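J.: First the structure, which I've put down as structure tokens, then a few questions once you've had a look.
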Amino acid sequence: MEAGSLRAQLGHDSEAKEEEIASLRETLTKRITGLEAQLEDEYETSKNALKQKRELERRLAEARDSAVGEDEVRRVKKQLAKVKALYRDAQSQLESRQASSANKTQLNNLKAQVEDLQDEMASALRSKRSAEGELAEANDRLQSIEIAKMEAENRISSLQKQVADAQGRVEEMEEELEEVEKKNRQTELRS
5 MEAGSLRAQL GHDSEAKEEE IASLRETLTK RITGLEAQLE DEYETSKNAL KQKRELERRL
65 AEARDSAVGE DEVRRVKKQL AKVKALYRDA QSQLESRQAS SANKTQLNNL KAQVEDLQDE
125 MASALRSKRS AEGELAEAND RLQSIEIAKM EAENRISSLQ KQVADAQGRV EEMEEELEEV
185 EKKNRQTELR S
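Note that our numbering numbers the sequence shown so that position 39 is 43, with each residue one more than the last.
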């Protein structure tokens with residue numbers, strides 16, 4: 005009678021353990037599926053962040069290529085200073101000689117050159133400021149994307165650890181189930 009009750013108890017314990025393991029396996033399987041979905045989302049986020057980073061780097065390179073350099077601004081300023089000096093010289097000569105029509109034409113040409121160079125310098129400065137603004141904006145966006153990428157990578161690492169832990173627990177529970185089933189079989193064989 006004791007062997008029968010022991011067998012019934014072991015059978016009941018085995019069934020309870022199997023139900024617990026099945027429930028845990030189902031819960032862990034759902035959790036693993038959820039973690040894998042999160043991992044996939046994080047991967048897509050990371051991939052999109054990398055794509056945006058590359059686009060910003062490309063735009064940054066374009067902005068650098070199209071930006072007017074300091075040397076160009078200095079060159080235009082030097083030319084402007086030279087033309088202004090020539091203009092002043094020509095104007096003083098003109099005033100001292102009671103200017104002829106040819107000198108007036110030369111003076112007007114020099115005046116036009118000065119205006120053209122001033123316009124060119126103003127345009128170059130506007131282009132430079134615009135390029136610097138775009139560069140600063142691109143750097144800010146690039147920094148934000150790198151931070152988002154690092155966060156996504158950290159999240160992916162964390163999710164991978166959780167998946168590994170869950171799989172380890174499932175394996176432990178399966179080993180326990182095998183052990184209980186083995187004991188149950190041994191008990192049945194003894195009786």
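Each residue gets a CB set at the ideal place from its N, CA and C atoms; glycine is no exception.
Note that the structure is a prediction, hence the values are computed from the model and not measured.
1) Around the Cβ of residue 193, are there at least 16 other Cβ atoms within 10 angstroms (buried) or fewer (exposed)?
2) Are residue 33 and residue 174 close, meaning C-beta to C-beta below 9 Å?
3) For residue 181, which residues from the same chain have a beta carbon less than 8 Å from its beta carbon, with the 5 sequence-adjacent residues on both sides left out?
4) Rounded C-beta distance between residue 29 and residue 142? I'm assuming under 8 Å.
5) Closest to residue 200 by CA distance: which of 49, 16, 19 and 57 is it?
6) What distance in whole Å lies between the Cβ atoms of residue 43 and residue 164, which are believed to be in contact at a cut-off of 8 Å?
7) Using a 10 Å radius around the Cβ and a threshold of 16 neighbouring Cβ atoms, would you call residue 129 buried or exposed?
8) Is it buried or exposed, residue 156, if we count other Cβ atoms within 10 angstroms and call 16 or more buried?
9) Expressed to the nearest angstrom, what Euclidean distance is found between the alpha-carbon atoms of residue 93 and residue 55?
10) Can you give the Cα-Cα distance for residue 179 and residue 186, rounded to whole angstroms?
11) Within 10 angstroms of its Cβ, does residue 53 collect 16 or more other Cβ (buried), or is it exposed?
12) Leaving aside the five residues before and after residue 103 along the sequence, list all residues of the same chain whose C-beta is less than 7 Å from its C-beta, in chain order.
T.: According to the data block:
1) exposed
2) yes
3) 21, 22 and 25
4) Actually they are not in contact, since the Cβ atoms of residue 29 and residue 142 sit about 50 Å apart, beyond 8 Å.
5) In the structure as shown, the chain starts at 5 and stops at 195, and residue 200 therefore has no counterpart that could be examined.
6) 7 Å
7) exposed
8) buried
9) 59 Å
10) 10 Å
11) buried
12) A caution first: residue 103 carries a pLDDT of 47, below 50, which makes its placement in the model too unreliable to give a value.
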